[in-house]
Amino acid sequence: MRFRHKRERSPAPTEASQPTSATNELPYAFPAGEAEIEVVGESFRAEAIRQAVANMTPGQPCVAELVPEPQNPHDPNAVAVYLQGVRAGYLPRQNAAVLSPRIVALSRRHGGTPVACPADVPELSPVPRILLRLNLADFGVSADTLHGPSSEFASTADRLTREILTRPASTRSVAQEDRKGRQQLHKAETALAKAETEWDRDPHTLAQIESMFHTALKRLSASGDPGTGRAWLGLARSLRYQKGRRDEVLTAFLTALSLQRDNEEAWREYLEYLCLSPSAEALTSAFAAMTPTVRLSLAHTLLAVSWQQDRHGRLAAQDGPRLRNSLVETAQTAGDLRTLALLTGQLGLRQEKQGNLEQAVNWWRLAVSAGSTDPKVADRLTIALIKDGLNNEAEYVLQQALAAKPQGPVAERMSQRLARCQRTLRPGMSEAPSGRNEHYRCSACGAYGHNKHTCPEGRRSR
């Protein structure tokens, strides 16, 4: 495999930091490993990266060369990443500090050959992204030693989320709406809706619409109009597809959300934007800032992200468990029992599907303790409990689930199971002629009663 050298013009690194010559074969490249590291600084070199990828021949594997830069004025541990001879970015500072000396040592062990690894370059717009896949055994480090993929985008999103969404809410009262500001906002929203349907729109259209939102925002913000949140959201949407506006998009989204905490649609759009380059930290910060109602609605979405089942599927595999645990901890800390019940119930179902029944039962017990009435959770949990002879616990779980009056075959199955549990626990009771689990006939007194009714005779009959 050869590297083409159409180097971008930049200060020349030292001789030891030069990438492989275009005339030499690249004799050493790592096999694809499980460790993923995302390149940082790629957003400043988007066009060069696009050109490098475009120059690759069909079917050619994408290989990234790792070049330490000990003379780098900003960080002596810096490690540059080259694609097709083009500097595409750098390893994150924390990971570069660990890997830089090991890259040099590894190169020496292989006779000074360059160090490279497979690279994935997914859809670059609107946020450039390069994901390196390393075999850590070649470096002599473990996955715990490195930080997970956390691009500049994800780091900035996490920082802004904490800064903006922790600001105290404004208590300013509004006497009346700003009519002119509302008209300007409506005009900007109409123009944006039209532009989003025009795939061949003029490149300057979104910039013009952005200006319209700024005009409306200035009036609405000055008067304290409640429509200010809508204006910030519209501004974020107009900036979203403009190159180089990442920080402004994040700021606009988060400012809109700080003014409209219960706007589920806005939260959903923000999460979609975060998932272009997701990190467990940024997603957890957003989850913590949501209202309980929104949190409950979007819990399924974030679980899908953690399992890489969302539309983008870009969260690193090793970050999935960390995100799921963070979601559960956030719900517990917030005292959000409904969301906690949903999360733990779904995690249990996932573990059962993977064959980890013991872990599934542990998650389901947490769900029930949080008040879960999910019929599927109760159904699967009580099957496991009864097999282990835990009829008392199974009875409690079934009663809690059936109190929500579920419908369908699962509900009928749980009713019958509850009746069997209670007959096992209270031999003096029998099932009523109606077949309903809530009525039993005692053979001693002939009465139908509550399922906790017991008879001193200790006999039962139908």
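Numbered according to the numbering used here, the sequence shown spans residues 458 to 919. Every residue gets a Cβ at the ideal spot worked out from N, C-alpha and C, and that includes glycine. These figures come from a predicted structure and were not determined experimentally.
As assigned by DSSP and simplified to three states, the class of residue i
| i | result |
| --- | --- |
| LEU733 | coil |
| GLY802 | helix |
| ALA594 | helix |
| ALA827 | coil |
| ARG893 | Model confidence at ARG893 stands at a pLDDT of 38, short of 50, so the residue's coordinates are unreliable; what they give is reported in the following sentence. ARG893 falls in the coil class under three-state DSSP. |
| GLU409 | The structure shown does not extend to residue 409, since the chain spans only 458 to 919, so no value can be given for it. |
| ARG544 | strand |
| ALA537 | strand |
| ASP719 | coil |
| ILE587 | coil |
| ALA817 | helix |
| VAL524 | strand |
| CYS574 | strand |
| VAL762 | helix |
| VAL785 | helix |
| ALA505 | helix |
| ALA492 | strand |
Whole-Å CB distance - residue i paired with residue j, under 8 Å assumed
| i | j | result |
| --- | --- | --- |
| SER715 | LEU622 | 6 Å |
| LEU603 | VAL555 | 6 Å |
| ASP523 | ALA562 | The sequence as given places Leu at residue 523; Asp does not occur at that position. Incorrect: roughly 13 Å between the Cβ atoms, too far for contact. |
| ALA860 | THR830 | 7 Å |
| ALA841 | LEU806 | That pair is no contact at about 12 Å. |
| SER763 | THR618 | That belief does not hold up - the Cβ atoms of SER763 and THR618 are roughly 18 Å apart, past 8 Å. |
| ARG399 | ASP532 | With the chain running from 458 to 919 in the structure shown, residue 399 is simply not present. |
When the options are compared against residue i, the one with the closest alpha-carbon
| i | options | result |
| --- | --- | --- |
| LEU707 | TYR727, GLU722, ASP719 | TYR727 |
| ALA521 | ASN534, ALA688, LEU814, GLY542 | GLY542 |
| GLN808 | LEU838, GLU655, GLY792 | LEU838 |
| PRO518 | ARG590, ASN819, ALA709 | ARG590 |
| LEU794 | ARG822, GLN766, ALA827, GLN803 | ALA827 |
| SER695 | GLN717, ALA650, SER678 | ALA650 |
| LEU799 | ASN592, PRO832, GLU526 | PRO832 |
| GLU852 | ASN819, GLN873, ALA648, ILE494 | GLN873 |
Residues near residue i by beta carbon distance below 7 Å, same chain, minus five either side
| i | result |
| --- | --- |
| PRO744 | Checking the sequence shown, residue 744 turns out to be Phe, not Pro. ARG752, LEU759, LEU784, THR787. |
| ALA673 | GLY638, GLN641, LEU642, ALA645, ALA688 |
| ASN849 | LEU882 |
Close beta carbons around residue i, own chain, < 6 Å, minus the five adjacent residues each side
| i | result |
| --- | --- |
| GLU634 | ASP682 |
| PRO749 | ASP793 |
| ASP845 | none |
Buried/exposed call for residue i, threshold 16 Cβ in 10 Å
| i | result |
| --- | --- |
| ALA529 | The question names Ala, yet the displayed sequence has Asn at residue 529. The residue in question, ASN529, is buried, as its Cβ has 16 or more Cβ neighbours within 10 Å. |
| SER668 | exposed |
| TRP724 | buried |
| TRP656 | exposed |
| PHE501 | exposed |
| GLN811 | exposed |
| ARG781 | buried |
| GLY546 | buried |
| ALA756 | buried |
| GLU738 | buried |
| ASP719 | exposed |
| ASP659 | exposed |
| ALA746 | buried |
Same chain only: Cβ atoms within 8 Å of residue i, ignoring 5 sequence neighbours per side
| i | result |
| --- | --- |
| ARG559 | PHE596, GLY597, VAL598 |
| GLU729 | ARG768 |
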